[in-house]
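According to the numbering used here, the stretch in the sequence shown is residues 1198 to 1739, in order.
Quick reminder that beta carbons are idealized off the backbone N, C-alpha and C, glycines included.
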Amino acid sequence: MILCPCKKCGNIYWHSREVVYEHLIVDGFIRGYKKWIFHRECTSSGTSSTINPTYPDTDYHQNVRQDDMEDMLRDAFNMRSHGEQSFPPDFIISEDCNITGNVFCETGTSAPNEEPNEEAAKFYNLLNEMNEELYEGSKYSKLSFCIRLFHLKCLGGWTGNSFTMLLEFLREMFPFVKIPQSCQDMKRLIKDLGLGYDKIHSCPNDCMLYWGDQKNQQSCHVCGKSRWMNSNTEDVNTDEGGAQLRKKPVKVLRYFPLIPRLQRLFMSSKTAESMTWHNDQRTDDGLLRHPADSLAWKSFDSKFPSFASDPRNVRLGLAADGFNPFKIMSTSYSTWPVVLVPYNLPPWICMKQSSFILSMIILGEKGPGNDIDIYLQPLIKELKQLWSGVETYDVLRKENFNLRAALLWTINDFPAYANLLGWSTKGRYACPCCAAQTCSKWLYNGKKFSYMGHRRWLDENHKFRFQRTLFDGTEEYRGAPEQTVGSEILFMLKDINFSYGKINQPPITQTRRRSRDESDDESDEEDDPNEAELWKKGSIFF
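In structure tokens, the structure reads:
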């Protein structure tokens, strides 16, 4: 890996020799770079003070260190653009400097047209401050030192007290080094950069969250379970310096706020440009290449033209599923991550892991099941706020705008689909689209249902409709069932009463096994249940 001296990378980014060769062919060398001081070419003392005549701020490029903390921050914040983003918002590029992708002002301009809002300005100021040297002449930054040392704390399982004592020892031995005072100061340093999350206590039976107006409750108002592991004892909170006593909660939800993460997509000129790719650069020729080509996207735009009028408004998809992190099926533990996908980005970017937005992690001995709506409350609240709009600074257009977002669909397997939607995906009427018109057949030897009837979607004269031996021994004359629309579903759910919590669920009783040989399949098919009775709950998404 070597530093790339092309016009765009500007001796800031490391690439392989092949990539550097390609960059130099396409973009050319950066102007004035004759002494290859970034590539170990010796230079005289007289010219050592001038690193590069094309750079307006030599101090910044002298401070380019060998650590990769700045790249790590840009990955964490989706700020993968160019190094100039570390400049403060009031920095002015000279006319001689033509560095592609500068986010604060383009070549020939003197200042932004509009000041960033409070959150954006705070982010830029913090990023600039954290780029300071660990000590004078150091090749590592203060941020690099803090993150690496805190990483060692996490790997070694050090307590907060022991970590604070180590920091005090280091400050005593190296007084010239900029070392935080305590473990709490270092946590505050990392948290101010937006790398934190919210811990929200929950009922062990998934009845409620201790959140909002119920934040200070000590026990669940539904089942009466205590909020704490042991209400009679308190444990020393060693991570906070040992001076504070705090009880340990039974169950905790880790929630990652969505609004600041979406806002930071527009704090980089490159990602801000990519967020409008679906409108500016997408090929619209009727072929399906991107979610924007789908009928669901187009139907949403036609229904909400005010939302579609600004291409910067974000379309999201939600993915959720549970897994056992210990890879031991006998271990009773469940982890449910909820991930959001921003579909404004190009297809080769939006489905990359680095573009996914982790919304929350639900931990516990058992999965949330139908009670997952309890944990989705903070996300739904933010989505409602984003539907109305939040003020966001667009660094590409140098203006504040009203950012809106909408959740288009969910991505999950069939069991998780049942938990999110509220329709039972097991038994005779498992299909949520066909509902009570689901065509199912009991397999006597397999002891499970088989869902046939797929020939109903064929043309009336299709040959498969009349081939008995190749299918279930019958000819198919029925048409496709009518799909239930949203208004009809809401009408079915208006009288459904569902109580959240494991303790409120009806006991699972062993149903009497019915002899399928004695029952007549035709009589089963003649049963026409009420569709409202097939819903288990009204989903929080409704």
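C-beta contact flag for residue i and residue j at 8 Å
i            : j            : result
residue 1401 : residue 1422 : yes
residue 1588 : residue 1455 : no
residue 1630 : residue 1650 : no
residue 1624 : residue 1598 : no
residue 1519 : residue 1531 : yes
residue 1351 : residue 1383 : no
residue 1698 : residue 1403 : yes
residue 1396 : residue 1426 : no
residue 1338 : residue 1329 : yes
residue 1523 : residue 1538 : no
residue 1540 : residue 1512 : yes
residue 1677 : residue 1613 : no
residue 1406 : residue 1471 : no
residue 1695 : residue 1735 : yes
residue 1731 : residue 1602 : no
residue 1420 : residue 1700 : yes
residue 1565 : residue 1452 : no
residue 1204 : residue 1225 : yes
residue 1638 : residue 1610 : no
residue 1364 : residue 1378 : yes
Exposed unless 16 or more other CB atoms sit within 10 angstroms - verdict on residue i
i            : result
residue 1478 : exposed
residue 1619 : buried
residue 1556 : buried
residue 1399 : buried
residue 1545 : exposed
residue 1469 : buried
residue 1460 : buried
residue 1674 : exposed
residue 1485 : exposed
residue 1385 : exposed
residue 1592 : buried
residue 1561 : buried
residue 1412 : exposed
residue 1529 : exposed
residue 1214 : exposed
residue 1217 : buried
residue 1666 : exposed
residue 1223 : exposed
residue 1682 : exposed
residue 1357 : buried
residue 1663 : exposed
residue 1573 : buried
residue 1331 : buried
residue 1198 : exposed
residue 1443 : exposed
Start-to-end residues for the beta strand (DSSP E) that takes in residue i
i            : result
residue 1496 : No beta strand (DSSP E) contains residue 1496, which is instead part of the alpha helix (DSSP H) from 1492-1500.
residue 1593 : Element bounds for residue 1593: n/a, residue is neither H nor E.
residue 1659 : First-last for residue 1659: undefined, no H or E at that position.
residue 1395 : 1395-1399
residue 1648 : 1645-1648
Span separating the alpha-carbon of residue i from that of residue j
i            : j            : result
residue 1346 : residue 1585 : 42 Å
residue 1616 : residue 1692 : 19 Å
residue 1448 : residue 1503 : 41 Å
residue 1558 : residue 1521 : 13 Å
residue 1738 : residue 1577 : 8 Å
residue 1549 : residue 1476 : 20 Å
residue 1652 : residue 1626 : 17 Å
residue 1150 : residue 1387 : Shown here, the chain extends from 1198 to 1739; a query on residue 1150 therefore has no answer.
residue 1437 : residue 1380 : Summary for residue 1437: the model assigns pLDDT 45, below 50, so the residue's position carries little reliability, and this model does not support an answer.
residue 1583 : residue 1221 : 43 Å
residue 1590 : residue 1533 : 33 Å
residue 1211 : residue 1458 : 26 Å
residue 1206 : residue 1336 : 20 Å
residue 1209 : residue 1463 : 22 Å
residue 1680 : residue 1642 : 32 Å
residue 1711 : residue 1644 : Only weak support is given to the placement of residue 1711: the predicted model assigns it a pLDDT of 46, under 50, and the value that follows is read from those uncertain coordinates. Straight-line Cα distance between these residues: approximately 12 Å.
residue 1497 : residue 1604 : 11 Å
residue 1500 : residue 1606 : 16 Å
residue 1563 : residue 1648 : 30 Å
Run of the alpha helix (DSSP H) containing residue i, from where it starts to where it stops
i            : result
residue 1596 : Premise fails: residue 1596 lies in the beta strand (DSSP E), 1596-1600, not in any alpha helix (DSSP H).
residue 1683 : 1683-1690
residue 1639 : Run containing residue 1639: none in the alpha helix (DSSP H); it sits in the beta strand (DSSP E), 1637-1640.
residue 1479 : Counting along the chain, residue 1479 falls outside any alpha helix (DSSP H), and DSSP gives it neither H nor E.
residue 1217 : 1214-1224
### Task
With a floor of 4 residues, list each alpha helix (DSSP H) that falls wholly inside the segment 1329-1357, ordered by position along the chain.
Counting only runs of 4 or more, we get 1339-1353.
### Task
Taking only runs that begin and end inside the segment 1443-1477, name each unbroken beta strand (DSSP E) of 3 or more residues, in chain order.
With a minimum length of 3 residues, the continuous beta strand (DSSP E) runs that stay inside the segment 1443-1477 are 1448-1452.
### Query
Which runs of the beta strand (DSSP E), 3 residues or longer, sit entirely within the segment 1507-1539?
Secondary structure within the segment 1507-1539: the beta strand (DSSP E) runs of 3 or more consecutive residues, fully enclosed, are 1511-1517 and 1531-1539 (chain order).
### Complete runs of the alpha helix (DSSP H) confined to the segment 1595-1634 [at least 4 residues]
For the segment 1595-1634, whole alpha helix (DSSP H) runs of length 4 or above, ordered along the chain, are 1611-1618.
### Message
My parser needs the beta strand (DSSP E) runs of 3 or more residues fully inside the segment 1546-1579; what are they?
### Response
Unbroken beta strand (DSSP E) runs of no fewer than 3 residues, entirely contained in the segment 1546-1579, are found at 1554-1561, following chain order.
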